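One gets my numbering by counting positions in the sequence shown from 1 and adding 341 to each. Quick reminder that beta carbons are idealized off the backbone N, C-alpha and C, glycines included. Everything numeric in this text was worked out from a predicted model, so none of it was measured. One structure is given below, encoded as C-alpha cells.
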Amino acid sequence: MAMNYKKLLDLWEMDEMPACGEGMKLAEAFLIAAGEGVNRLGVEEPEDRITELTAAYMALVEHGDGCDNCNESNLPERDDIPADPIENDPQYQADRKIGFQAGLDGQGSDDSKSHGWQRGWADAQE
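The structure is reproduced here in C-alpha cells:
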C-alpha cells in the first residue's frame with residue numbers, strides 16, 4: 342500500500358513533507374521494517390529482524406546526510422546523548438560480562454537472567 346502523503350500531512354499538521362520523495366520512501370521502508378519486527382515479537386527472536394531493520398535505518402540515514410531536502414530533523418550527535426546510568430552500575434557490568442561469555446560459549450538466551458546478562462549475551466551474538 343502506498344503512503345498517503347496528504348493524510349500524513351494532515352495527521353502531523355505539517356505544511357510540507359519533511360523529506361524528498363526518495364527520503365519518504367526510505368522512511369516508510371524503515372517504519373514498515375520496525376513495525377514488522379514488533380509484530381513478530383514472541384514469534385521469532387529479535388535478531389531475526391535486526392539485519393533488515395539496520396539496513397533500512399542506515400539507508401535512511403545515509404540518504405538524509407547528503408540530501409538538502411531531508412535535513413529537517415536535527416538529531417543530537419551520538420556523543421551528546423546521555424548514557425544510561427544503569428550501564429555504569431558495577432553489578433550490571435559484571436552480569437554483562439558473564440552474559441557475554443555465556444553467549445560466546447553457545448548457551449541459549451535466558452529471560453530469567455538480569456538485563457545486564459541479557460545485554461552481554463546479545464552482544465556476543467553480533
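- Between cysteine 411 and glycine 362, the gap from beta carbon to beta carbon reaches 8 Å or more.
- Here glutamine 434 has Glu428 and Gly457 as same chain residues with Cβ atoms under 8 Å from its own Cβ, once five neighbours each way along the sequence are excluded.
- DSSP lists Leu382 as the bridge partner or partners of glutamate 385.
- Apart from sequence neighbours up to five positions away, the residues of its chain that approach glycine 461 with a beta-carbon distance below 8 Å are Asp436, Arg437, Lys438, Ile439, Gly440, Phe441, Gln442, Ala443 and Gly444, ordered along the chain.
- Inter-residue distance for proline 359 and glycine 405 is about 11 Å (C-alpha atoms, whole angstroms).
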